[in-house]
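Enquirer: The structure that follows is given in the form of structure tokens.
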Amino acid sequence: MLTLAVELPVVIVLLRRASVVVAWPRSVTVIVLASLVTHPFAWRAARALSPDEHTFGIAVIEAVVVAVEALWLRALLPIGLKTAVLTSLIANAASFGVGALLWWLR
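So this is what it looks like as structure tokens:
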């Protein structure tokens, strides 16, 4: 899944830069499960949008995904809320950007 290929290394790097000390199997498991929970929701919700709703709808969907994943990270890793939100925001922006670029290049 492209989302994990982009988000997993981004989150790992961000956690290391924030000096988060956690065993890598735990952090990888938490990150993968977060995506497995939110990714199907995001895709189903995005596919249900009409063309008129698309831009605003995608923004809302991404905001919900960032919030859910941030709360997930905060609950399961030894990080603060600010770090969790920024990590989730940057990781999701990266995967959204890569996906948009690939769609544009097709």
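Heads up: the sequence shown begins at 13 in my numbering, then just goes up one per residue. C-beta atoms are modelled at their ideal positions from N, C-alpha and C, and glycine is treated no differently. Every value quoted in this text rests on a predicted model; they were computed, and no experiment measured them.
What distance in whole Å lies between the Cβ atoms of Val-42 and Leu-83, which are believed to be in contact at a cut-off of 8 angstroms?
Expert: Along the sequence shown, one-based indexing puts residue 83 at 71. Along the sequence shown, one-based indexing puts residue 42 at 30. Not really, about 12 angstroms apart at Cβ, beyond 8 angstroms.
Enquirer: Taking just the CA atoms, how far does Ala-35 sit from Leu-114?
Expert: As a position in the sequence shown, residue 114 is number 102, starting the count at 1. As a position in the sequence shown, residue 35 is number 23, starting the count at 1. Roughly 33 angstroms separates the two Cα atoms.
Enquirer: By the three-class DSSP mapping on this structure, what secondary structure does Glu-74 have?
Expert: The count along the sequence shown starts at 1 and reaches residue 74 at position 62. In this structure, Glu-74 counts as helix in the three-state DSSP scheme.
Enquirer: Suppose you measure from the CA of Val-110 to the CA of Ala-75; what does that come to, to the nearest Å?
Expert: Against the sequence shown, residue 110 aligns to sequence position 98. Against the sequence shown, residue 75 aligns to sequence position 63. Near 17 angstroms, if we compare the C-alpha coordinates of Ala-75 and Val-110.
Enquirer: Given a threshold of 16 other Cβ atoms within 10 Å of its Cβ, counted over all protein chains shown, does Ala-54 qualify as buried or as exposed?
Expert: Position 42 of the sequence shown holds residue 54. So Ala-54 ends up on the buried side.
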